[in-house]
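A quick write-up on the structure given underneath.
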Amino acid sequence: MIDLEQYLPILLFLGVALAISCIFVFLPMGVSRLTGTHNPTAEKVSEYECGFPAFEEPRSQFDVRFYLVAISFIIFDLEAAFLFPWAVSLDDTGWIGWGAMMTFLGILAIGLTYEWKKGALEWE
């Protein structure tokens, strides 16, 4: 038979966390609604970007190169995140860990070279 009393602290923790998060979300909204003036005008609800009204459709498409640069940034950011723990644990992993990381860095270098040769990193 399963003893459900073991889960009581977890349920209590989740309940307190839910209550506190609801307080942080809904209490400021309620206080602002009760104490502030709610007077929406056309000027207040209009789109506003960078100090001037929007001049093109908000659903316009980005250039594909933007996505390629963003994905490249994420890949090389993750590479840096993998390098720090590897450098710390290099004594424990030995030559096998070193070889595995060199293989990983080699694959990334090949990918970077391919991107560079294809012109994905050049911005016009």
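In terms of numbering that gives the first Met the number 0, the sequence shown has 10 at position 11, counting the first letter as 1, and numbering is strictly consecutive. Glycine included, each C-beta is placed from N, C-alpha and C at the ideal position.
Beta-carbon spacing of residue i, residue j below 7 Å
i	j	result
GLU78	LEU107	yes
MET100	TRP122	no
6 Å CB neighbourhood of residue i in its chain, flanking five on each side removed
i	result
LEU67	ALA119
TRP115	none
VAL44	none
Residue nearest to residue i in terms of C-alpha spacing, selected from the options
i	options	result
TRP97	PHE83, TRP122, ASP62	PHE83
TYR113	GLY93, PHE81, SER71	SER71
ILE73	THR40, PRO39, LEU111	LEU111
ASP76	PRO8, LEU17, ILE9, LEU104	LEU104
Contact test: residue i Cβ vs the ligand NAD heavy atom, cutoff 6 Å
i	result
LEU67	Annotation note on the ligand NAD: not contained in the displayed structure, which lists no ligands.
Other residues of its chain near residue i: CB distance less than 7 Å, five sequence neighbours each side excluded
i	result
HIS37	none
Residues near residue i in its chain [Cβ-Cβ closer than 8 Å; skip 5 each side]
i	result
SER88	GLY96
LEU3	none
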